[in-house]
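K.L.:
In my numbering, each number is its position in the sequence shown, counted from 1, plus 11.
Below is a structure I'd like to ask you about.
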Amino acid sequence: MNDAPTRDWPWQAALCTPGRKRHTVLLFDAQGRTVGPKQGLIAARAYSTSGAGGPALLPARALEGGWGFIDTDGEWAVPPHFEDTRNAAPNGLARFKQGGLWGYMRLTGEVLIAPRFEDCRPFRNGVAAVKLSAKEWRFIDEQGRFTSERGHHELGDLGEAGLARAMRWNITGNTRKVGFVDREGEWLIKPEFGFAQAFDRHGVTAATPDHDKGYGLIDTSGQWVLPPDRNRHIESFDEEGFASFQITKGNFERGFLGLQGQVLIEAKHNLEPSRVCGLARQGNTFWQADGTKLATQGLRMATDFRPIGRVALVRQRHEPAQDGAPAQAGNWALLHTDGRVVPMPDHLREPLTDPGGWLPAERGDTPWVPFIDRNGGLVWVDGEFHEMARASLTPGRGSLHTSAGEVWSATDAALGPVQPFFDPPTQAVLQGLEDTSAVWPLLEHLRREVEERLHQVAQGLTPERSASNTEDDDDDWDEEDEDSDEDDDADENGGRRDSQRTLAAQRAEARRLSRLVRVEQRLARHYISEGHNGPYEFLCDEWSKASKALREVLRRHLGDRLGVADPRPEWAGAADSHFHSPGWAIPLNQPLPGDDGSLPENRQLWACLCDLDDAGDGDAWWETWLVVAPSVDALALALRARRGEPAVPSMRDEAATLALLASDPYELQHIPRERLTDAMIDTALQANANTVAYVPRRLMTPDRYTLAVREDKLDPSEVPPDMLTEACCLAYVSHSGWGLPRVPEAFRTTAVYLQAIQRTPAVQREAPPAVLDELRAAGHEIPDPDEQWRKLRKSIDATLENMNTRMADPFMQMLLEKPQTPWQRVRHSLRMGGWVLRTSMKARTDEPATHKGLTGWLESRPVLTVMGNAVLGILALGGHIWVTVKAIELEGWIAGVATALLMGLSEAYWAWRFFFVEPTQAGLGLVALAVIAYGLIWVPTYRRIGQVYARQIESKKEDQT
């Protein structure tokens, strides 16, 4: 082991129980010797000094539960007699809690200010904020005296600028305003802000006049350095003068501002709100202070940097070897601030996580990173993966080893190997099994249970439902719906009503009993919660592969005893279940009543190892299930014995059956399987090829398998090898060349490769070079696999170029403008109006108009013509309504109705009436004349222009034809 670097106070290591719900904190010096209480500590914070030249002390909690302070020699400088203790402030005063109240002490243990505050903050710049009641905070000095009698509803630390954030509540109006006070509590910046961050070493901080008006920056006089923006939120500044800001609309992107409001790091999606070691993290990318990326690549996950160790935990992406570069395994590593990546060595398994599955932060002032090794122990490493300390943990016992040897050992029932989180052991995901080899005894037990249930059905009994089954009886409503559909069909067919109703009842009973007879038991489960699925996105891929690998191990255990699994198990209820997988046929120990031995399927059970994966509201899981169920024929035989029917069912003559199948091929699924003949099957398949799904496995032929594959009911991997043909594989790849990997190697003939490549040119990368050479030699044209991508890329580029051209249009630029101030919005509206006016007044083409004069001028300006027609029509209608109302007032309802119906003609009478009979209504006379002019002048003009447009449209249609 390498020695730790020399330092002034001890390192920390936290041993944890297998469930990681309890920690034992140990302290040891630079030489690896443990210091402090021999048994360890329950909890510890970081060391802090008691002022210039003073000793460094550690707030710690003893095993008995009390808090005190430990010196660098591991001795209790202040005995653990307190309810809580906190680190000392720069003036050497530390906070402590006793009797539910807070006070202050020197690190010598001398109580300077007795505990009498509900809450308190550390001393900053000579004063500390203390809470006297729910609505009052005040400042005290180092002697515990109040600096003034002024209290505030909330009070922060006094910053270097001499300002402390204070809050005033308006209980009646339910509002809170923030301002800044001095050490006496006097307002230096009035409480006029909805919120403000505290001033620290910088003379600028973020503030908002109201949360709806957004954030800006203010100086120590309360003046705006950066005006507030309603679409911006700003956090506090860090030591280097960077403040995170977030755009509060759209994608809520985040960036960083400087002290004058300048953007230092552009806003980006998912950028973290704080910088550590001068780097801001955006997912797996880190941004430096100058706005450039840290040179990293191939990361699937990254944490923030650790401030003391100056490394970040990262998960590398699996990269195959290419272009001379070596392959990179998907593994854990440590990333340094210069972009250098140090991979985790093979003897380590994964980094330690807390009980919630999260990677913990640094402990105290210790820069080491804890990892779990392959034996379940803990190893602390530095940034180069040099081992600093090792804990060996066995059930009930633990020991710690450093460069000084074994420095700690203890016996505790809670101690034991720590369970990994990212790479859980097989025992952690198995359910109901001690190990994978226990799957065979479990299958034997379930087989006996299912056989017993099947015989109960044959005897007329109803088995109790197995507690391990997943499906519920509450889906019986499906059967009721089926009954209703059957009844409706029966009503249409008259005499078939009773027989159809009987068949529907029998099918419903078969479905119900098939669920009760079979047994489903979950064997393994990988589960990732919604909270972990985002930060640990690589787990979905890795746990999916781990679940598949575990399932293959279980399948090998069963295959060693039962042989090769059948790709198409025919177990009762498979059509209604979400479990579909190859399985093994298992004979019954005791035949069912009526079994004459003529049909082997009558005495068969099926055992299947099935996979089930799904996702909920962000979470995901992968499961392996063992399903044991009777064959379709065995359950049918048991049901006939239950109903007292013959073991071999009777049936109408074959001619009538063939006629029924010709008209309704789906009746094939309802014909007793013992009575099916090749003629019946061929008749149904000729009428509808999809009915191949109802053909029993024993009656399938190579041609029927080919038909099933062509109709997309099966793929080649589900066809028994002795039934698979080249024609079947050709039918499969004719759907898509990407199906080639599912074609067994022995059947990947030259013709199959050619069909797949012609269907999907890119799949030729899966073909051996010798096959491609053979196809070219035979005169077959091998399409360029990149041609489709080039065409797609060309189309995308053309679309993007068109979009860029449109975006560069002045009008689009004007639409995308976002005016902020009222004056900018007025200017923007005027510019928009001017553009509309210029566009409408501009001639559409340089070609001469069909008409002369005003009509021809309007003909060349269709936008203006349409807009003018709309405006004039509205004005004319309004004028006509006005004249009609006046007519009612002068002559009554009859004259008003006549005026309303005779628009244009009635205005001629009323214009004469208003000018010569009612001279006081001359204004209405002008309105009436305007309505007349609209009907006699504008309407015919607009009609002539419309006829021109209509002829132009017809001409374009003829040219296209």
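Positions of the beta carbon are idealized from the N, C-alpha and C atoms, including for glycine.
The structure presented is a predicted model; accordingly, all values stated were derived computationally and were not measured.
Using 10 angstroms around the beta-carbon of LYS897, count the other beta-carbons present and answer buried if the total reaches 16, otherwise exposed.
P.N.:
LYS897 should be labelled buried.
K.L.:
Measure the CB-CB distance between ARG251 and PRO284 and report whether it falls below 8 Å.
P.N.:
According to the sequence displayed, residue 251 carries Glu and not Arg. Not closer than 8 Å, so no.
K.L.:
Would you give the residue range spanned by the beta strand (DSSP E) that SER285 belongs to?
P.N.:
282–287 is the span of the beta strand (DSSP E), which, as asked, contains SER285.
K.L.:
Going by other Cβ atoms of all chains shown within 10 Å of its Cβ, with 16 needed for buried, is SER992 buried or exposed?
P.N.:
Residue numbering for the chain in the displayed model covers 12 to 972; residue 992 lies beyond these limits and cannot be assessed.
K.L.:
The beta strand (DSSP E) spanning GLU168 covers which residue range?
P.N.:
First, the amino acid is wrong: residue 168 is Asp here, not Glu. Start and end: 165–169.
K.L.:
Are the CB atoms of PHE134 and GLN109 within a distance shorter than 8 Å?
P.N.:
Cβ distance not < 8 Å, so GLN109 and PHE134 don't count as in contact.
K.L.:
Are the beta-carbon atoms belonging to ALA57 and ASN98 less than 8 Å from one another?
P.N.:
Cβ atoms of ALA57 and ASN98: closer than 8 Å.
K.L.:
Taking the C-alpha atoms as reference points, what is the distance between LEU623 and LEU741?
P.N.:
Going from the Cα of LEU623 to the Cα of LEU741 covers about 30 Å.
K.L.:
At a cut of 8 Å, does the segment 522–535 reach the segment 470–478 through at least three beta carbon pairs?
P.N.:
Yes: at least three Cβ pairs fall under 8 Å.
K.L.:
Measuring CA to CA, which of ASP630, ALA658, LEU599, THR668 is closest to VAL639?
P.N.:
Of the listed residues, the one whose Cα sits closest to VAL639 is LEU599.
K.L.:
Near ASP486, which residues of its chain fall below 7 Å by C-beta distance, leaving aside the five closest residues on each side in sequence?
P.N.:
With a pLDDT of only 44 at ASP486, under 50, the local geometry of the prediction cannot be trusted, and no value is derived from it.
K.L.:
Take LEU550 and list the residues in its own chain whose beta-carbon comes closer than 6 Å to its own, dropping the five residues that flank it on each side.
P.N.:
ILE539.
K.L.:
Counting pairs of Cβ atoms below 8 Å between the segment 720–734 and the segment 699–708, do you hit three or more?
P.N.:
Yes, since at least three Cβ pairs between the segment 720–734 and the segment 699–708 fall closer than 8 Å, the two stretches touch.
K.L.:
Looking at the unbroken beta strand (DSSP E) that takes in ALA57, where does it start and where does it end?
P.N.:
It is not in any beta strand (DSSP E) - ALA57 carries neither H nor E in the DSSP assignment.
K.L.:
Hey, is the segment 317–328 in contact with the segment 362–377, meaning 3+ C-beta pairs nearer than 8 Å?
P.N.:
With the cut-off at 8 Å, the segment 317–328 and the segment 362–377 touch.
K.L.:
Leaving aside the five residues before and after VAL942 along the sequence, list all residues of the same chain whose C-beta is less than 8 Å from its C-beta, in chain order.
P.N.:
Closer than 8 Å at the Cβ level, and outside the excluded window around VAL942, lie ALA887, GLY890, HIS891, VAL894, MET914, GLY915, GLU918.
K.L.:
For SER745, which residues in the same chain have their Cβ closer than 7 Å to its Cβ, ignoring the five residues on either side in sequence?
P.N.:
Excluding positions up to five away in sequence, the list reads GLN766, ARG770.
K.L.:
Could you tell me the alpha carbon to alpha carbon distance between PRO356 and LEU324, rounded to whole angstroms?
P.N.:
Answer to the nearest angstrom: the Cα atoms are 14 Å apart.
K.L.:
Can you give me the Cβ contacts of GLY137 inside the same chain, cut-off strictly under 8 Å, excluding the 5 residues immediately before and after it?
P.N.:
Only ASN102, ASP152, GLU153, LEU169, ARG194 meet the Cβ criterion.
K.L.:
Return the residue from the list VAL950, GLY867, ARG684 that minimises the CA-CA distance to LEU610.
P.N.:
Of the listed residues, the one whose Cα sits closest to LEU610 is ARG684.
K.L.:
Look at THR216 and ALA209 and say whether their C-beta atoms are less than 8 Å apart.
P.N.:
Yes. Within cutoff.
K.L.:
Using three-state DSSP, classify PRO546 as helix, strand or coil.
P.N.:
Coil at PRO546, not helix or strand.
K.L.:
Roughly how many angstroms lie between the CA atoms of LYS407 and LEU290, to the nearest whole one?
P.N.:
According to the sequence provided, residue 407 is Gly. The question's Lys does not apply to it. About 43 Å.
K.L.:
DSSP on MET818, reduced to helix/strand/coil?
P.N.:
Helix at MET818.
K.L.:
For VAL959 and LYS829, I'd like the C-alpha separation in whole angstroms.
P.N.:
Taking the straight line from one Cα to the other gives about 41 Å.
K.L.:
By a C-beta neighbour count over all protein chains shown, 10 Å radius and 16 as the cutoff for buried, is THR910 buried or exposed?
P.N.:
Burial call: buried.
K.L.:
Give a yes or no on whether 8 Å exceeds the smallest Cβ distance from ALA658 to chain B.
P.N.:
Protein chains in the displayed structure number just one, and chain B is not present.
K.L.:
Should ARG518 and GLY584 be called a contact, given that it needs their Cβ atoms to be closer than 8 Å?
P.N.:
No, the Cβ-Cβ distance between ARG518 and GLY584 is not below 8 Å.
K.L.:
Compare the beta carbon distance of ARG328 and GLY309 with 8 Å and say whether it is the shorter of the two.
P.N.:
In this structure, GLY309 lies closer than 8 Å to ARG328 by Cβ.
K.L.:
Where VAL974 and TRP904 are concerned, what is the direct C-alpha to C-alpha distance, given to the nearest angstrom?
P.N.:
Outside the displayed range of the chain (12 to 972) lies residue 974, so it cannot be described from this structure.
K.L.:
Quick one: grab the DSSP three-state call for ILE964.
P.N.:
Correct three-state label for ILE964: helix.
K.L.:
With 16 as the cutoff for other CB atoms within 10 Å, does ASP130 come out buried or exposed?
P.N.:
Exposed, because fewer than 16 other Cβ atoms sit within 10 Å of the Cβ of ASP130.
K.L.:
Which of the three DSSP states is assigned to ASN880 in this structure?
P.N.:
Of the three classes helix, strand and coil, the one that applies to ASN880 here is helix, per DSSP.
K.L.:
I'd like to know whether the C-beta atoms of THR694 and LEU735 end up nearer to each other than 8 Å.
P.N.:
Cβ atoms of THR694 and LEU735: not closer than 8 Å.
K.L.:
Short check: CB of TRP973 to CB of CYS621, under 8 Å?
P.N.:
Outside the shown range of the chain (12 to 972) lies residue 973, about which nothing can therefore be said.
K.L.:
Determine, using beta carbons only, whether GLY47 and THR35 come nearer to each other than 8 Å.
P.N.:
No.
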